[in-house]
Amino acid sequence: MTPPESTSITQMIATYIGEIQENLSAFKDYEVETYDLDCNTLPLTLDEFNKKSAFITEIATNYTKPAVYWFEITSESDTKEIYDFVAQQTNSDRKYPAYKKTFNNDESNILYVGKVKNNLAGRMRMHLGFERTGQGLQICHWPHKTGLILKLHVIYLPENLEMLANVFELKLASALNPILGKHK
């Protein structure tokens, strides 16, 4: 098989960049959706949670959309205690998020920054602790969740900008300096 000529590759890249620019210009009117989450009320099962909250049902309506999201701590909470708890979960049967080797952000009230290519509701089930299989915050299993109040911020991206979700996540993580998660 012969490689394509460099001019056709250049044309293909130029077309692709043009499509991205067009999609980004259409995305200028985005909205940040927010959801309050009182961790004191988190049950240990998804069925119990679904009975109490329309939260998962509401975000499930955007199943096919990519999104970037972040959890903000809005209560007076000891962020070092949260970091230490997650760092000690190396032998847990649950997959907790990655964390930096040293805790150095006493000033941050951002717990975690993430992204999905689709199915934000499924990702939230992992973060809330209702799924064992994937890596997530596992919040309902934290012994010190008492008093923890979070605000989930979500920006849905157009489906044709899915490939940029990672870029947005990295930029947000750099700006927000989350307590948990590694972003390179």
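Adding 2 to a residue's 1-based position in the sequence shown gives its number in this note's numbering. Beta carbons are placed, not taken as given, at the ideal position from N, Cα and C, and that holds for glycine. From a predicted model like this one, the values you see are computed outputs, not experimental measurements.
Reduced DSSP secondary structure (H/G/I, E/B, other) of residue i
i, result
"Ile112", "strand"
"Lys186", "coil"
"Ala69", "strand"
"Tyr37", "strand"
"Tyr158", "strand"
"Glu133", "coil"
"Leu122", "helix"
"Ile75", "strand"
"Leu44", "coil"
"Leu139", "coil"
Nearest-angstrom Cα separation, counted from residue j out to residue i
i, j, result
"Glu78", "Ala89", "21 Å"
"Pro180", "Asn121", "22 Å"
"Thr2", "Val118", "Because the chain in this structure spans residues 3 to 186, residue 2 falls outside the shown range and cannot be described."
"Lys84", "Val34", "The amino acid at residue 84 is misidentified as Lys; the sequence shows Ile. Using only the alpha carbons, I get a separation of about 26 Å."
"Leu154", "Thr17", "36 Å"
"Asn106", "Thr9", "49 Å"
"Ile22", "Pro45", "42 Å"
"Phe57", "Tyr37", "7 Å"
"Val156", "Met128", "16 Å"
"Trp144", "Tyr32", "33 Å"
"Pro160", "Thr63", "14 Å"
"His185", "Leu172", "6 Å"
Candidates the options: closest to residue i by CA position
i, options, result
"Val70", "Glu164, Lys184, Lys186, Asn179", "Glu164"
"Asn52", "Gly136, Ala123, Val115", "Ala123"
"Leu130", "Tyr65, Asn168, Ile151", "Ile151"
"Phe132", "Asp49, Ala56, Val34", "Asp49"
"Met126", "Ala16, Glu21, Tyr32, Thr59", "Thr59"
"Tyr158", "Trp144, Thr43, Trp72, Gly136", "Trp72"
"Asp111", "Gly20, Glu24, Ala167, Leu182", "The question names Asp, but residue 111 is Asn in the sequence shown. Among Gly20, Glu24, Ala167, Leu182, the Cα nearest to that of Asn111 belongs to Leu182."
"Glu24", "Asn162, Ala177, Cys41", "Asn162"
"Glu74", "Thr47, Thr43, Ile15, Glu109", "Glu109"
Exposure of residue i, with buried meaning 16 or more beta-carbon neighbours within 10 Å
i, result
"Gln13", "exposed"
"Tyr114", "buried"
"Ile11", "exposed"
"Val169", "exposed"
"Gly149", "exposed"
Contact test: residue i Cβ vs the ligand GDP heavy atom, cutoff 8 Å
i, result
"Asn64", "Here there are no bound small molecules, and the ligand GDP is not part of this structure."
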